[in-house]
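Student: First residue of the sequence shown: 657, per my numbering; consecutive thereafter. Dropping a structure here in C-alpha cells format, bear with me for questions.
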Amino acid sequence: MNWSLLIFNNKNTIMFATRYLQEAKQILDQIDTSQVEKMTVLLAELRQQGGRLFLIGVGGGAGHASHAVNDFRKIAGIESYSPSDNVSELTARTNDEGWETTYAAWLKVSRITSKDMLFVFSVGGGDAEKNISANIVNALKLAKETGSRIIGVVGRDGGYTAKVADACVIVPTVNKDYITPHTESFQALIWHLLVSDPRLQQMSNKWESQK
C-alpha cells in the first residue's frame with residue numbers, strides 16, 4: 657500500500673469537494689428568484705384552472721421529469737405527466753418516427769391545450785439552428801402553437817427554452833467544466849423548492865409529518 661499516494665489522493669478529493677461546493681454556493685447566490693416566483697404563480701394558476709403539467713427532458717433531465725411528476729402530483733396536487741414514464745411508447749416512436757419528433761408526437765396524442773403547461777429540464781435548452789435537442793425544440797414549438805404556458809430550468813445561455821418560456825431559471829455557469837452536473841443539481845433543487853412553497857404544497861412529505 658502506497659500511503660503517501662493515498663494521502664495525496666485524499667487531499668485532492670477534499671480540495672475538489674470544497675471547490676465544487678463553493679461553486680454551488682456561487683450559483684445559489686446568482687439564481688434569479690424572480691423567475692422562480694413567476695413559475696410558482698403560473699403553477700398555482702395552472703392547478704386552479706384544472707390544467708395539466710407535462711414535463712420533459714433528455715438524459716438526466718428525463719430522470720428529473722419522471723421524479724418531478726411524482727412530486728407535483730403527490731405533494732402539489734397538480735395533474736402531471738412525462739413521456740419518460742412510458743418506455744414502450746417512447747422507444748416505439750423513436751424507432752418508427754425518429755427521435756426528433758418523439759416528444760411533440762406524445763404531446764399531440766396527449767391533446768395538449770392552452771390550459772396546460774410544458775416544463776423543460778435541459779442543460780442547453782435546445783438549439784433550433786444547430787439542431788441540438790431537436791426533440792425538446794419541437795415540443796416547445798408545439799406548446800407555443802397551442803398556446804400552452806412554458807416554464808423551464810436550464811443551463812448555459814438558456815437556449816431555445818429561455819427564448820420562448822413564460823418563466824425560466826437559467827442556472828449560472830461558474831465553471832465550464834461542470835456545467836452539466838451543476839445544472840442538473842439545481843434543477844432538482846428548484847423543483848423541490850416549487851412543490852415545497854406553501855402556495856403549491858397540499859400534502860406533507862412522510863418524514864416531515866412524523867412527530
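Note that beta-carbon positions come from the ideal geometry of N, C-alpha and C, so glycine has one too.
Measuring CB to CB, does ILE712 end up less than 8 Å from ALA721?
Tutor: Sequence index remark: in the sequence shown, residue 712 carries index 56 (1-based). Sequence index remark: in the sequence shown, residue 721 carries index 65 (1-based). Going by C-beta atoms, ILE712 is nearer than 8 Å to ALA721.
Student: If you follow the alpha helix (DSSP H) that VAL724 is in, where does it begin and where does it stop?
Tutor: As a working note, residue 724 is residue 68 in the sequence shown. In the sequence on display, residue 724 carries Ala and not Val. First-last of the alpha helix (DSSP H) with ALA724: 716-730.
Student: Is MET869 buried or exposed, if buried means 16 or more other CB atoms sit within 10 Å of its CB?
Tutor: Any property of residue 869 remains undetermined from this structure, which presents the chain solely from 657 to 867.
Student: Within 10 angstroms of its Cβ, does GLN678 collect 16 or more other Cβ (buried), or is it exposed?
Tutor: As a first step, residue 678 must be located in the sequence shown, where it is residue number 22. Under this definition GLN678 is an exposed residue.
Student: Determine whether the beta carbon atoms of THR836 and VAL793 lie at a separation below 8 Å.
Tutor: Counting from one through the sequence shown, the residue named residue 836 turns up at place 180. Counting from one through the sequence shown, the residue named residue 793 turns up at place 137. Not a contact, by the Cβ cut-off of 8 Å.
Student: Assuming ALA784 contacts TYR816 (C-beta within less than 8 Å), just tell me the rounded distance between them.
Tutor: For the purposes of this step, residue 784 is taken as the residue at position 128 of the sequence shown. For the purposes of this step, residue 816 is taken as the residue at position 160 of the sequence shown. That belief holds up - the Cβ atoms of ALA784 and TYR816 are roughly 5 Å apart, short of 8 Å.
Student: One question on the structure: do VAL825 and ILE734 come within less than 8 Å of each other, judged by their Cβ atoms?
Tutor: The count along the sequence shown starts at 1 and reaches residue 825 at position 169. The count along the sequence shown starts at 1 and reaches residue 734 at position 78. It is not a contact, given that the beta carbons lie outside the stated cut-off.
Student: Among GLY717, ILE846, ALA673, GLU864, which residue has its Cα nearest to the Cα of SER740?
Tutor: Taking the sequence shown and counting its residues from 1, one reaches residue 740 at position 84. For the residues GLY717, ILE846, ALA673, GLU864, the minimum Cα distance to SER740 belongs to GLY717.
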